[in-house]
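**Student:**
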Amino acid sequence: ALRSAIDLAAASDLDLNAASELVAISMKTFGLNAEDAAMIADDFVGAADASTAEVSDLAQALVNVGPTMAQFGYGLEDTNTALAVLSTRGIKGSEAGTALKSMMTNLMRPTDAVKETLSALNVSLYDQQGLLKPLPMIMRDLAAGMAGMTEEQKNQTIQTLAGTYGMKAMAVLLEEGTVGWEAMDQAIQDAASAEEVGAARTEGFNAAMEQFRGRSRR
Numbered sequence: 006a007l008r009s010a011i012d013l014a015a016a017s018d019l020d021l022n023a024a025s026e027l028v029a030i031s032m033k034t035f036g037l038n039a040e041d042a043a044m045i046a047d048d049f050v051g052a053a054d055a056s057t058a059e060v061s062d063l064a065q066a067l068v069n070v071g072p073t074m075a076q077f078g079y080g081l082e083d084t085n086t087a088l089a090v091l092s093t094r095g096i097k098g099s100e101a102g103t104a105l106k107s108m109m110t111n112l113m114r115p116t117d118a119v120k121e122t123l124s125a126l127n128v129s130l131y132d133q134q135g136l137l138k139p140l141p142m143i144m145r146d147l148a149a150g151m152a153g154m155t156e157e158q159k160n161q162t163i164q165t166l167a168g169t170y171g172m173k174a175m176a177v178l179l180e181e182g183t184v185g186w187e188a189m190d191q192a193i194q195d196a197a198s199a200e201e202v203g204a205a206r207t208e209g210f211n212a213a214m215e216q217f218r219g220r221s222r223r
């Protein structure tokens, strides 16, 4: 876990203390262990590389939305993918975490307004085994249910389901759809690992320092 935290710090805008804390919080939040530390570091670095967010943005967001995502059965990868998608629309940091949290908690409320809206859209959040469906699948079904609506009707529906603050997160995820989600997920997987990025940055820094020392000696 310490090795992964060092790699994460070297590959991101976090110092070692913040990187260690992020790895520890991720493990506790999503029920992971020390063997998963490298995966945690890689996912944060990959999400930052594939999006416009810094790792510090993702860390700030995780504090707000991590427990909620874990409660609904989603893992770190799904959480970071959603946050990475939101960042491409300028929704980052604690704002992104709060918006996604608001969307999730409002969507899961067993209120008459939410239940009636989901029924009208012919959308079920859970599968036949009673498990919450993957988030991109839910967004796909919601988008299909809203097809043909006017802009006003769509905005009212999104606000009913996601709440006033969560509606911007839902609007982005609906617009990106499964295509945008899968593209982001693949980009995160294809990104260099935290160890590789950290090594490259360290090599570049060391080379720059050697060049600086060489000039200083002249």
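Residue numbers (the working numbering): 6 to 223.
Just so you know, even glycine gets a beta-carbon here, dropped at the ideal spot from N, CA and C.
What does DSSP give as the partner residues of Leu137 in its beta bridges?
**Tutor:** As a position in the sequence shown, residue 137 is number 132, starting the count at 1. Beta-bridge pairing links Leu137 to Tyr131.
**Student:** Check whether the Cβ atoms of Ala46 and Ala205 sit closer than 9 Å, and answer yes or no.
**Tutor:** Within the sequence shown, residue 46 is the residue found at index 41, counting from 1. Within the sequence shown, residue 205 is the residue found at index 200, counting from 1. No. Outside cutoff.
**Student:** In whole angstroms, what separates the C-alpha of Thr183 from that of Val90?
**Tutor:** If you number the sequence shown from 1, residue 183 lands on position 178. If you number the sequence shown from 1, residue 90 lands on position 85. Those two C-alpha atoms are separated by around 11 Å.
**Student:** Which same chain residues, not among the five before or five after Ala28, have their C-beta less than 7 Å away from its C-beta?
**Tutor:** Along the sequence shown, one-based indexing puts residue 28 at 23. First, the residue type needs correcting, since residue 28 is Val and not Ala in the sequence shown. Within the same chain, Val28 has close Cβ partners Ala6, Ser9, Ala10, Leu13, Ala42, Ile45, Ala46.
**Student:** Between the beta-carbon of Thr103 and the beta-carbon of Gly71, is there less than 9 Å?
**Tutor:** Here residue 103 corresponds to residue number 98 of the sequence shown, with the count starting at 1. Here residue 71 corresponds to residue number 66 of the sequence shown, with the count starting at 1. Not a contact, by the Cβ cut-off of 9 Å.
**Student:** In terms of alpha-carbon separation, which member of Ser92, Asn38, Gln76 lies closest to Gly185?
**Tutor:** On the sequence shown, position 180 is the one that residue 185 refers to. Selected option, being the one with the closest Cα: Ser92.
**Student:** Can you tell me whether Ala87 is buried or exposed, with buried defined as 16 or more other CB within 10 angstroms of its CB?
**Tutor:** The residue given as residue 87 occupies position 82 in the sequence shown. It is buried - the Cβ of Ala87 has at least 16 other Cβ atoms within 10 Å.
**Student:** Going straight from the alpha carbon of Asn111 to that of Gly36, what length do you get?
**Tutor:** Locating residue 111 in the sequence shown gives position 106, where the first residue counts as 1. Locating residue 36 in the sequence shown gives position 31, where the first residue counts as 1. Using only the alpha carbons, I get a separation of about 24 Å.
**Student:** Judging by CA-CA distance, which residue of Ala55, Ala39, Glu40 is the nearest neighbour of Gln194?
**Tutor:** To locate residue 194, count along the sequence shown from 1; it is residue 189. Selected option, being the one with the closest Cα: Ala55.
**Student:** Between the C-alpha atoms of Ser99 and Ala125, what's the straight-line distance to the nearest angstrom?
**Tutor:** Translated into the one-based positions of the sequence shown, residue 99 becomes position 94. Translated into the one-based positions of the sequence shown, residue 125 becomes position 120. Answer to the nearest angstrom: the Cα atoms are 33 Å apart.
**Student:** Hey, quick one: how far does the alpha helix (DSSP H) through Glu26 stretch, first residue to last?
**Tutor:** Reading the sequence shown from its first residue, position 21 is the one you call residue 26. Counting along the chain, the alpha helix (DSSP H) containing Glu26 begins and ends at 21-35.
**Student:** Between which residues of its own chain and Leu166 is the CB-CB distance below 7 Å, once the five residues before and five after are set aside?
**Tutor:** On the sequence shown, residue 166 is found 161 positions in, with the first residue counted as 1. The answer, listed in chain order, is Asn111, Leu112, Val119, Thr122, Met175.
**Student:** Since Asn85 and Phe49 should fall inside the 8 Å C-beta cutoff, what is the C-beta to C-beta distance between them, to a whole number of angstroms?
**Tutor:** Stepping through the sequence shown from its first residue, residue 85 is reached at position 80. Stepping through the sequence shown from its first residue, residue 49 is reached at position 44. With a Cβ gap of about 7 Å, Asn85 and Phe49 count as contacting.
**Student:** Going along the chain, which residues of its own chain have a beta-carbon closer than 6 Å to the beta-carbon of Gly51, five neighbours each way excluded?
**Tutor:** As a working note, residue 51 is residue 46 in the sequence shown. Taken in chain order, the residues that qualify are Ile193, Ala196.
**Student:** Beta-carbon within less than 7 Å of Gly203's beta-carbon, same chain only, minus the 5 sequence neighbours each way: which residues are those?
**Tutor:** Taking the first residue of the sequence shown as position 1, residue 203 is located at position 198. Cβ within range, chain order: Asp12, Ala15, Ala16.
**Student:** How would you label Gly168, buried or exposed, when you count the other beta carbons within 10 angstroms and need 16 or more for buried?
**Tutor:** By one-based count along the sequence shown, residue 168 stands at place 163. Result: buried.
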